[in-house]
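Asker: Dropping the structure in here first, questions after.
Chains as they are written, first to last, in our numbering: chain A, 15 to 277; chain B, 87 to 358.
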């Protein structure tokens with residue numbers, strides 16, 4: 015059968031190659047632009063959301079005030095219900111990709127709870143597709159948008175090197191999205207003061223290599239490797255959301271909590 | 087800790103520990119495995135290598151897939167190809183981030199899935215997107231095959247590569263992940279070369295075929311160019327179900343049928 019319409023290639027620098035030979039791909043490498051350089055990304059950890067009540071309403075009050083001077087994407091984590099569904103799913107023998115989608119649903123639930131409290135201020139919960147494609151429109155309408163911290167990997171969650179738990183949680187998802195948008199800053203709101211070193215002291219500043227050596231971290235370990243590869247977001251701040259005023263201070267650029275920086 | 091019950095055993099309870107706790111991770115490694123679609127075969131039909139060639143390459147593969155599917159239910163993923171390469175060239179030139187390029191790649195794999203789907207429509211085979219994956223078991227039991235776009239839907243969340251901007255998880259990776267999450271029987275990459283070579287056989291006449299290798303062996307060869315995306319090799323080592331892949335030349339008549347029926351006709355890469 016003759017290839018009658020055989021226009022096989024569209025000419026381009028990358029045509030007729032596998033895209034896997036670094037030398038052949040290098041001609042198109044360059045630094046990416048920042049799509050939303052003024053965007054502040056705030057992650058409300060699941061453990062913080064789990065507390066509900068005064069903890070959440072205080073943070074909502076701070077976010078509401080910050081809307082006057084910041085344009086923010088607020089992302090939520092899954093918290094204790096995420097742990098529960100992971101436990102059930104693991105016990106049933108379900109694979110990592112299914113578990114990832116199940117936990118992500120709990121992060122979404124927390125997003126809906128938060129967005130409800132800010133609805134009268136104009137904020138909405140937007141699903142992944144909207145956060146990835148129509149964020150600008152939503153931010154033009156309201157300076158605060160709520161979405162799911164989990165990345166939309168679901169079935170496509172890569173199998174982890176050890177065990178069966180998904181490695182890309184809400185901390186990792188938020189960093190990936192913030193970096194894609196070239197955001198101004200990324201703040202993780204947790205239930206501890208920051209990263210504690212081996213002596214239990216809160217570090218004001220720590221590098222990813224130093225943090226990797228610690229046994230417990232308040233952020234997902236995946237964040238360390240993603241931060242080292244990130245193009246724009248080269249540091250993230252971890253603050254204690256249980257202490258009133260810390261989020262306001264962090265958004266204002268005050269050196270509070272721990273600044274985790276890429277190597 | 088095999089057989090630990092994650093709801094109740096104090097040693098492995100998920101409720102109190104950080105999810106990256108090494109003991110917890112070790113315990114989850116012993117969790118039971120329940121493959122979701124253990125009889126399915128996953129195929130990746132290359133974009134540049136097969137679909138861009140048009141009917142001379144595609145029609146014979148469709149004939150083989152139609153013959154195979156009753157006995158071997160097929161999940162058929164599609165690659166991107168030359169249009170993706172063009173869009174990546176334009177996009178990187180404009181400095182657009184990996185996330186935007188990921189969406190661009192998805193669109194091209196989606197076009198290819200639609201084209202293949204229309205060609206298989208008369209046999210009842212549907213094209214499914216990410217939203218329609220929930221109906222996949224029904225399609226497989228009724229018509230024994232589905233077509234899907236191979237690109238993982240990472241979009242603006244696409245992990246950044248070590249170097250440059252191109253999305254590292256492209257259609258080879260996406261199809262691998264589908265095979266792994268569904269616990270499928272086998273995964274075959276249908277391309278236009280007989281398998282993995284010591285160099286790119288299209289540009290290097292001295293390249294020789296490597297019929298079988300482990301991931302460690304492939305990595306030790308430090309090849310500048312490989313026949314499947316590198317994340318696939320890495321994921322193969324971590325996978326629980328897809329422990330080997332075969333890369334075959336789909337342009338050779340009958341090769342696809344032979345590979346699906348278990349013959350070694352290309353390069354087999356194993357996890358260990």
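No residue lacks a Cβ here, since even glycine has one placed at the ideal position from N, Cα and C.
Which stretch, first to last residue, makes up the alpha helix (DSSP H) that contains residue 262 (chain B)?
Answerer: Run containing residue 262 (chain B): 257 to 267, per the alpha helix (DSSP H) assignment.
Asker: Can you name the start and end residues of the beta strand (DSSP E) that residue 163 (chain B) belongs to?
Answerer: Element bounds for residue 163 (chain B): 160 to 164.
Asker: Would you identify the three-state DSSP class for residue 276 (chain B), choosing helix, strand or coil?
Answerer: Correct three-state label for residue 276 (chain B): strand.
Asker: Measuring only between beta-carbons, confirm whether residue 86 (chain A) sits less than 8 Å from chain B.
Answerer: No, no contact with chain B.
Asker: In the DSSP assignment, what are the bridge partners of residue 54 (chain A)?
Answerer: The partner list for residue 54 (chain A) (beta bridge, DSSP) reads A:86, A:199.
Asker: With respect to the beta strand (DSSP E) encompassing residue 130 (chain B), which residues constitute its N-terminal and C-terminal limits?
Answerer: 127 to 131 is the span of the beta strand (DSSP E), which, as asked, contains residue 130 (chain B).
Asker: For residue 7 (chain A), which three-state DSSP category applies?
Answerer: With chain A covering 15 to 277 only, the question about residue 7 (chain A) has no answer from this structure.
Asker: Just to confirm, are residue 322 (chain B) and residue 355 (chain B) a CB contact at a threshold of 8 Å?
Answerer: Taking 8 Å as the Cβ cut-off, residue 322 (chain B) and residue 355 (chain B) qualify as a contacting pair.
Asker: Can you find a CB in chain A that lies within less than 8 Å of the CB of residue 326 (chain B)?
Answerer: Yes, contact with chain A.
Asker: I want to see whether chain A comes within less than 8 Å of residue 358 (chain B), judged by CB atoms only; does it?
Answerer: False, the Cβ-Cβ gap to chain A never drops below 8 Å.
Asker: Since residue 292 (chain A) contacts residue 204 (chain A) with CB under 8 Å, what's their CB separation in whole angstroms?
Answerer: Residue 292 (chain A) lies beyond the residue range present for chain A, which begins at 15 and ends at 277; the question has no answer from this structure.
Asker: Between which two residues does the beta strand (DSSP E) containing residue 161 (chain A) stretch?
Answerer: Residue 161 (chain A) -> beta strand (DSSP E) spans 158 to 162.
Asker: Taking 8 Å as the threshold (beta carbon to beta carbon), is residue 112 (chain B) in contact with chain A?
Answerer: Closer than 8 Å: yes.
Asker: Count the other C-beta atoms from every protein chain shown that fall within 10 angstroms of the C-beta of residue 204 (chain B), then say buried if there are 16 or more, exposed otherwise.
Answerer: Exposed, because fewer than 16 other Cβ atoms sit within 10 Å of the Cβ of residue 204 (chain B).
Asker: Mapping DSSP to helix, strand and coil, what is residue 197 (chain B)?
Answerer: Of the three classes helix, strand and coil, the one that applies to residue 197 (chain B) here is helix, per DSSP.
Asker: Within the same chain, show all residues whose beta-carbon is closer than 7 Å to that of residue 146 (chain B), passing over the 5 residues directly before and after it, in chain order.
Answerer: Result list for residue 146 (chain B): 339, in chain order.
Asker: Rounded to a whole number of angstroms, what is the C-alpha to C-alpha distance between residue 143 (chain B) and residue 211 (chain A)?
Answerer: Each residue's alpha carbon lies about 60 Å from the other.
Asker: Whose C-alpha, out of A:215, A:136, A:229, A:241, is nearest the C-alpha of residue 221 (chain A)?
Answerer: Among A:215, A:136, A:229, A:241, the Cα nearest to that of residue 221 (chain A) is on A:241.
Asker: Whose C-alpha, out of B:200, B:102, B:211, B:281, is nearest the C-alpha of residue 230 (chain B)?
Answerer: Checking every option, the nearest Cα to that of residue 230 (chain B) belongs to B:211.
Asker: So, using beta-carbon positions, are residue 69 (chain A) and residue 256 (chain A) closer together than 8 Å?
Answerer: Yes, they are a contact pair.
Asker: Nearest-angstrom Cα distance between residue 124 (chain B) and residue 258 (chain A)?
Answerer: Computed Cα separation, rounded: 52 Å.
Asker: Is the shortest distance between the beta-carbon of residue 299 (chain B) and the beta-carbons of chain D less than 8 Å?
Answerer: Annotation note: the requested chain D is absent from the structure, which comprises protein chains A and B.
Asker: So with Cβ pairs under 8 Å, would you call residue 316 (chain B) a contact of chain A?
Answerer: Judged by the 8 Å Cβ criterion, residue 316 (chain B) is in contact with chain A.
Asker: Rounded to whole angstroms, what's the CA-CA distance from residue 169 (chain B) to residue 42 (chain A)? Just pull it up for me.
Answerer: Taking the straight line from one Cα to the other gives about 16 Å.
Asker: Over the uninterrupted beta strand (DSSP E) stretch that includes residue 232 (chain B), give me the two end residues.
Answerer: Per DSSP, residue 232 (chain B) belongs to the beta strand (DSSP E) from 231 to 235.
Asker: Residue 234 (chain A) CB to nearest chain B CB: under 8 Å?
Answerer: It does: the Cβ of residue 234 (chain A) has a partner Cβ on chain B nearer than 8 Å.
Asker: Mind checking who residue 170 (chain A) pairs with in its DSSP beta bridge?
Answerer: According to DSSP, which records beta bridges pairwise, residue 170 (chain A) is partnered with nothing at all.
Asker: Let me know if residue 32 (chain A) comes out buried or exposed under the rule of 16 or more other beta-carbons within 10 Å of its beta-carbon.
Answerer: Buried, since its Cβ has 16 or more Cβ neighbours within 10 Å.
Asker: Which residues in the same chain have their Cβ closer than 7 Å to the Cβ of residue 27 (chain A), if we skip the five residues on either side of it in sequence?
Answerer: Closer than 7 Å at Cβ, skipping near neighbours: 41, 42.
Asker: So, with DSSP's three-state summary, where would you put residue 279 (chain A)?
Answerer: Residue 279 (chain A) is absent from the structure shown; chain A starts at 15 and stops at 277.
Asker: Buried or exposed for residue 88 (chain B), going by 16 or more other Cβ atoms inside 10 Å?
Answerer: Caution is warranted here: a pLDDT of 46 is assigned to residue 88 (chain B), below 50, making its placement in the model unreliable, and no coordinate value can be reported.
Asker: Mind pulling the chain B residues with CB within less than 8 Å of residue 43 (chain A)?
Answerer: Ordered by position in chain B, the residues that pass the 8 Å Cβ test against residue 43 (chain A) are 178, 249, 250, 251.
Asker: Strictly below 8 Å CB to CB, what residues from chain B border residue 193 (chain A)?
Answerer: Correct list: 183, 246.
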